[in-house]
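Asks: Please read through the structure below; I'll follow up with questions.
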Amino acid sequence: MARTTLKPAFVGHQPYLRELPKDVRPGEIDAIVVPTINDGKDLIPMAQCAAKAKSLFVPLASGDATPESVRENLAHIEGLKLEIIDVSGFEHSDLKLATDNHPFGQIRSVGDLPLKRNLAVNLGRMLGWRAMFLVDDDMSGATPEWLGLAAGHIRAGMLAVGFAGAGFPDHSSVEHAAELTYREPLRSTPHRSLSERARRNLAVSGNSLMLDPSRFDEPFVSFYNEDWLAVLPALLRYQVGILGRMVQSRYEPFDGRRAFTQEPGEVFTEGVFELARRGRGLGDADMAFWEVQQRHRLLRLRQLTRNLQELTFDPAAVADKEFLEAALRNSDPSAGETQELKDELASVERYLLAREQSPAGIELREKVMATIELAHSAHVDIVNPPNLSSGVRAWRDDHKKIAETRDALPSVASLGEAASYYGLRSVGSSIPQSRRLAKRGTLRSARNAVVHGTKASKNNEFSLDLPDGHRLYGLRHGDPLKCSAAVLLIHGLGGAPELSPMREWVARLRRTRSDLLVVAPNLYHEEKELARSSRNCSLTTSVKDLEFLLANTPGMAELPLIVLGHGMGGLLATALTPAQVGGLVLVNPNHPNDGLFNQESIHLSMLGGQQIRMRVGVGGIDVPKEMGEEYQNWPVHTHLRTIVYNDAPVRVVADSTGSRFARDYCDHAPGSELTTVNARSITEPSVTKAVMEAVRVAVAGAVSSSTTMTNSGSSPILGENPAAHNSALRTWTPSPPVRARPR
Numbered sequence: 002m003a004r005t006t007l008k009p010a011f012v013g014h015q016p017y018l019r020e021l022p023k024d025v026r027p028g029e030i031d032a033i034v035v036p037t038i039n040d041g042k043d044l045i046p047m048a049q050c051a052a053k054a055k056s057l058f059v060p061l062a063s064g065d066a067t068p069e070s071v072r073e074n075l076a077h078i079e080g081l082k083l084e085i086i087d088v089s090g091f092e093h094s095d096l097k098l099a100t101d102n103h104p105f106g107q108i109r110s111v112g113d114l115p116l117k118r119n120l121a122v123n124l125g126r127m128l129g130w131r132a133m134f135l136v137d138d139d140m141s142g143a144t145p146e147w148l149g150l151a152a153g154h155i156r157a158g159m160l161a162v163g164f165a166g167a168g169f170p171d172h173s174s175v176e177h178a179a180e181l182t183y184r185e186p187l188r189s190t191p192h193r194s195l196s197e198r199a200r201r202n203l204a205v206s207g208n209s210l211m212l213d214p215s216r217f218d219e220p221f222v223s224f225y226n227e228d229w230l231a232v233l234p235a236l237l238r239y240q241v242g243i244l245g246r247m248v249q250s251r252y253e254p255f256d257g258r259r260a261f262t263q264e265p266g267e268v269f270t271e272g273v274f275e276l277a278r279r280g281r282g283l284g285d286a287d288m289a290f291w292e293v294q295q296r297h298r299l300l301r302l303r304q305l306t307r308n309l310q311e312l313t314f315d316p317a318a319v320a321d322k323e324f325l326e327a328a329l330r331n332s333d334p335s336a337g338e339t340q341e342l343k344d345e346l347a348s349v350e351r352y353l354l355a356r357e358q359s360p361a362g363i364e365l366r367e368k369v370m371a372t373i374e375l376a377h378s379a380h381v382d383i384v385n386p387p388n389l390s391s392g393v394r395a396w397r398d399d400h401k402k403i404a405e406t407r408d409a410l411p412s413v414a415s416l417g418e419a420a421s422y423y424g425l426r427s428v429g430s431s432i433p434q435s436r437r438l439a440k441r442g443t444l445r446s447a448r449n450a451v452v453h454g455t456k457a458s459k460n461n462e463f464s465l466d467l468p469d470g471h472r473l474y475g476l477r478h479g480d481p482l483k484c485s486a487a488v489l490l491i492h493g494l495g496g497a498p499e500l501s502p503m504r505e506w507v508a509r510l511r512r513t514r515s516d517l518l519v520v521a522p523n524l525y526h527e528e529k530e531l532a533r534s535s536r537n538c539s540l541t542t543s544v545k546d547l548e549f550l551l552a553n554t555p556g557m558a559e560l561p562l563i564v565l566g567h568g569m570g571g572l573l574a575t576a577l578t579p580a581q582v583g584g585l586v587l588v589n590p591n592h593p594n595d596g597l598f599n600q601e602s603i604h605l606s607m608l609g610g611q612q613i614r615m616r617v618g619v620g621g622i623d624v625p626k627e628m629g630e631e632y633q634n635w636p637v638h639t640h641l642r643t644i645v646y647n648d649a650p651v652r653v654v655a656d657s658t659g660s661r662f663a664r665d666y667c668d669h670a671p672g673s674e675l676t677t678v679n680a681r682s683i684t685e686p687s688v689t690k691a692v693m694e695a696v697r698v699a700v701a702g703a704v705s706s707s708t709t710m711t712n713s714g715s716s717p718i719l720g721e722n723p724a725a726h727n728s729a730l731r732t733w734t735p736s737p738p739v740r741a742r743p744r
């Protein structure tokens with residue numbers, strides 16, 4: 002039988018990663034948080050980095066890591082802001098997960114790592130941290146410069162930024178075994194070859210992850226590969242990037258029952274990412290799907306066993322060994338390249354050792370074969386379609402619980418207060434967080450106030466009682482008596498105004514245009530609000546809410562009004578009464594015929610980033626039963642006007658992905674202007690710059706107009722003959738892409 006080359010089962014997150022812009026300024030790092038079970042010596046490199054970055058350093062200590070031992074080993078680091086939290090034996094109902102009791106979680110051997118990671122995000126949420134670096138105690142190589150850039154990207158709108166792994170691979174035991182059967186030769190200089198390989202195999206890991214706790218709602222579940230599951234929703238929304246490199250300390254991958262405890266999580270995660278690759282949702286992860294996934298995994302294990310039994314001498318690896326030894330002799334330790342070369346040399350030596358007939362070579366092959374047997378035995382004992390299917394349900398349950406828990410957390414002023422909320426003790430000099438809290442957008446507090454029936458009291462927040470008994474809330478900036486125009490921002494289907502990119506636009510307008518009254522409501526067509534409210538969330542309801550807001554917000558009726566809409570918000574902006582609007586700025590606007598209204602099926606990212614396949618029926622969207630009763634009836638009313646009926650000047654801004662529908666808008670809105678930005682996402686600074694320029698021009702035109710806009714009248718969207726509008730929508734077909742006509 003011919004030998005089959007067995008390459009890694011998963012080669013990285015490259016298809017889902019966003020290319021990070023190079024013009025982002027470094028940002029403040031609120032804290033570096035390290036889950037640790039060691040006495041503190043392993044923490045010294047990261048603690049030194051934290052001191053240089055002037056960042057708070059927070060070990061979450063258990064096991065051999067006691068507050069006393071950690072403090073003693075780090076006491077010599079000058080300028081270190083240290084807060085140690087002892088989590089030995091820690092339990093709390095907020096952090097008890099459904100996956101803890103699942104068979105896959107019960108056999109996991111990583112101790113309290115998921116609990117510490119979830120605790121870290123919760124602490125950051127209470128403190129209002131915007132950029133927290135979560136890093137394991139066996140990672141090194143971070144620099145203040147790289148961390149500052151990562152924090153800058155987070156503060157510019159990214160949800161998470163990871164670091165490329167260098168040195169020893171942080172793989173499962175089975176993948177370490179597979180690496181002994183296949184090796185990619187070094188094709189140029191060692192450094193260039195290793196860099197090229199790292200770029201191809203980029204993967205985001207929880208062992209070195211900068212994230213925004215104020216927006217991170219995903220749980221670190223109790224399954225192996227929980228970090229990949231936690232970042233998957235953000236990956237699918239292209240809100241994750243990779244920057245810089247960090248080094249994983251060496252460990253023995255073939256010891257103990259590591260392969261047995263990892264195998265369930267390996268199969269589960271590979272299956273979930275396979276669904277993502279196919280563009281399918283978790284509703285498609287039925288028994289038949291998992292049967293196929295398990296069959297493929299067992300075939301891989303059998304093929305791996307055959308390849309290990311047929312190892313042959315590899316002269317290219319010998320050449321690589323000599324190449325690396327020479328490079329190591331000439332390396333510059335100060336440039337940070339020595340450790341990476343040492344780790345790669347050790348990898349080549351182990352690869353060659355597996356082919357030797359020496360006692361050491363035979364022992365290594367026996368350990369590797371035992372590892373594959375352990376992985377195979379997991380399929381006999383625990384890995385099966387029923388457990389894989391129930392794992393999906395447990396993961397969903399954990400997402401819902403963690404998201405609700407984080408939304409209900411209080412805001413506190415110090416890490417000591419946050420720790421005491423969970424009955425924990427913080428050892429060290431408490432660093433007040435009041436300055437960061439002052440900068441923090443506290444819309445979550447307003448949201449909680451709305452839920453409990455009270456109005457927010459912050460000057461930049463508002464809540465408005467609606468005629469149907471519900472309440473609208475959001476952000477508001479500017480004194481109507483001192484403003485020359487008003488800007489209404491309408492967010493898209495997947496993001497409230499406190500989220501990127503709307504948050505950045507609100508902040509930019511607030512900083513640069515004190516002459517504008519800026520209002521950014523959180524509409525009920527946003528996913529999380531749909532989950533929290535039993536209200537009938539339709540597009541017509543959203544337009545009614547907007548018109549009520551315009552009529553009942555001081556200044557909006559009197560001032561020239563510009564409406565800035567993103568995505569679905571752009572579509573809603575065109576549905577407002579023409580007399581209300583002095584100018585429209587639409588950013589990547591959805592079109593009524595883009596699939597949300599009348600196509601056979603759509604993919605919609607909702608309920609915590611899970612990608613669910615939905616079918617549009619006559620009366621609404623049919624949602625899988627497991628999503629809960631509140632999702633069973635979400636009517637989609639399609640009696641919107643065909644396209645931009647009002648005479649307000651229209652300016653459309655689009656990135657590379659949204660240019661087609663943008664051209665359709667401009668083609669059907671005479672006198673419109675289109676700005677296309679060569680960017681992969683609207684969160685990039687170049688798009689923000691184009692949006693701000695479009696707003697500036699629109700405001701100038703509205704202010705110079707001799708006619709003052711009024712807020713009277715009702716929207717044609719709510720006319721008495723919706724069938725006519727439905728008919729128009731169904732018969733409208735996009736025109737071929739054309740250039741927008743200049744005004």
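Using our numbering, you'd call the opening residue of the sequence shown number 2 and step up by one each time.
Glycine included, each C-beta is placed from N, C-alpha and C at the ideal position.
State the Cα-Cα distance for the pair alanine 419 and threonine 313, rounded to the nearest angstrom.
Replies: In a straight line, the C-alpha of alanine 419 is about 57 Å away from that of threonine 313.
Asks: Determine whether the beta carbon atoms of leucine 57 and aspartate 31 lie at a separation below 8 Å.
Replies: Yes, they are a contact pair.
Asks: By how many angstroms is the C-alpha of lysine 545 removed from the C-alpha of leucine 719?
Replies: The pLDDT assigned to leucine 719 is 25, lower than 50, so where the model puts this residue is not dependable, and the model offers no usable value.
Asks: Indicate the three-state DSSP secondary structure (helix, strand or coil) for glycine 266 in the structure shown.
Replies: Helix at glycine 266.
Asks: Starting from isoleucine 33, trace the beta strand (DSSP E) both ways and give me its first and last residue.
Replies: Run containing isoleucine 33: 32-37, per the beta strand (DSSP E) assignment.
Asks: With a CB to CB cut of under 6 Å and the five nearest residues on each side skipped, what residues in its chain are close to asparagine 712?
Replies: Because asparagine 712 carries a pLDDT of 36, less than 50, the predicted location of this residue cannot be relied on, and the following value inherits that uncertainty. Only Leu551, Ala552, Ala558, Gln581 meet the Cβ criterion.
Asks: What's the gap between the Cα of leucine 1 and the Cα of valine 293?
Replies: A question about residue 1 goes unanswered here, because the residues of the chain that appear run from 2 up to 744.
Asks: Note down, in chain order, each residue of its chain lying with its Cβ closer than 7 Å to the Cβ of valine 384, except the 5 sequence neighbours on either side.
Replies: Excluding positions up to five away in sequence, the list reads Glu264, Pro265, Val268, Gln295.
Asks: With DSSP as the reference, label valine 273 as helix, strand or coil.
Replies: Of the three classes helix, strand and coil, the one that applies to valine 273 here is helix, per DSSP.
Asks: Have a look at phenylalanine 255 and glutamate 176 and give me their C-alpha separation to the nearest angstrom.
Replies: Whole-angstrom Cα-Cα distance: 11 Å.
Asks: On the DSSP letters alone, give me the boundaries of the beta strand (DSSP E) that histidine 177 sits inside.
Replies: Run containing histidine 177: none in the beta strand (DSSP E); it sits in the alpha helix (DSSP H), 174-180.
Asks: Quick check on histidine 478: does DSSP put it in helix, strand or coil?
Replies: DSSP places histidine 478 in strand when its eight states are reduced to three.
Asks: Would the segment 235-250 count as touching the segment 158-175 if we require 3 or more Cβ pairs under 8 Å?
Replies: Enough Cβ pairs lie closer than 8 Å, so yes.
Asks: Along the chain, where does the beta strand (DSSP E) containing phenylalanine 134 start, and where does it finish?
Replies: Unbroken beta strand (DSSP E) run through phenylalanine 134: 133-136.
Asks: Could you tell me whether the segment 78-87 touches the segment 58-66, using the rule of 3 or more Cβ pairs below 8 Å?
Replies: Output reads yes: the segment 58-66 touches the segment 78-87.
Asks: With DSSP collapsed to three states, give me the class of serine 421.
Replies: Note: serine 421 maps to helix in three-state DSSP.
Asks: Helix, strand or coil: how does DSSP classify threonine 679 here?
Replies: First, the amino acid is wrong: residue 679 is asparagine here, not threonine. Asparagine 679: coil per DSSP, three-state reduction.
Asks: As a quick exercise: from Pro387, Leu547, Glu29, Pro555, pick the residue whose alpha carbon is nearest that of methionine 133.
Replies: That would be Glu29, whose Cα lies nearest to the Cα of methionine 133.
Asks: Quick one: what's arginine 246 bridged to in DSSP?
Replies: Paired residue(s): Ala165.
Asks: Isoleucine 33 to valine 488, Cα distance in whole Å?
Replies: The alpha-carbon atoms of isoleucine 33 and valine 488 are separated by roughly 38 Å.
Asks: Could you tell me if glutamine 107 is buried or exposed, where buried requires 16 or more neighbouring beta carbons within 10 angstroms of its beta carbon?
Replies: Exposed.
Asks: Quick check on phenylalanine 272: buried or exposed, where buried means 16 or more other Cβ atoms within 10 Å of its Cβ?
Replies: Per the sequence shown, the amino acid found at residue 272 is glycine instead of phenylalanine. Buried, because 16 or more other Cβ atoms sit within 10 Å of the Cβ of glycine 272.
Asks: At a cut-off of 7 Å, is valine 692 close to the ligand MG when judged by its beta-carbon and the heavy atoms of the ligand?
Replies: The ligand MG is absent from the structure shown, which contains no ligand whatsoever.
Asks: List the endpoints of the continuous beta strand (DSSP E) containing phenylalanine 221.
Replies: No beta strand (DSSP E) contains phenylalanine 221, which DSSP labels as neither H nor E.
Asks: Use the C-beta contact count for glutamine 49: other C-beta atoms within 10 angstroms, 16 or more gives buried, fewer gives exposed.
Replies: It counts as buried.
Asks: Quick one: any contact between the segment 517-526 and the segment 465-477, if contact means 3 or more CB pairs under 8 Å?
Replies: Touching, yes, given that three or more Cβ pairs across the two stretches are closer than 8 Å.
Asks: What's the gap between the Cα of glycine 417 and the Cα of serine 70?
Replies: Glycine 417 and serine 70: Cα-Cα distance of roughly 20 Å.
Asks: From glutamate 341 to asparagine 102, what distance separates their C-alpha atoms?
Replies: Computed Cα separation, rounded: 39 Å.
Asks: Counting Cβ pairs closer than 8 Å, one from the segment 346-360 and one from the segment 372-388, do we hit at least three?
Replies: Not touching, per the Cβ criterion.
Asks: In this structure, how does DSSP classify phenylalanine 105 when only helix, strand and coil are distinguished?
Replies: Residue state, collapsed to three classes: helix.
Asks: State the start and end residues of the unbroken alpha helix (DSSP H) segment that holds asparagine 308.
Replies: Segment 288-310, the alpha helix (DSSP H) holding asparagine 308.
Asks: Is glutamate 751 buried or exposed, if buried means 16 or more other CB atoms sit within 10 Å of its CB?
Replies: Only positions 2 to 744 of the chain appear in the structure, and residue 751 is not among them; the question remains open.
Asks: Taking Cβ positions, are leucine 675 and valine 653 nearer each other than 8 Å?
Replies: Cβ atoms of leucine 675 and valine 653: closer than 8 Å.
Asks: For arginine 1, count neighbouring C-beta atoms within 10 Å of its own C-beta (all shown protein chains included) and say buried if the count is 16 or more, exposed if not.
Replies: Since the displayed the chain opens at 2 and closes at 744, residue 1 lies outside it and no answer follows.
Asks: DSSP on glutamine 15, reduced to helix/strand/coil?
Replies: Glutamine 15 falls in the helix class under three-state DSSP.
Asks: Which residues bound the alpha helix (DSSP H) around glycine 392?
Replies: 386-409 is the span of the alpha helix (DSSP H), which, as asked, contains glycine 392.
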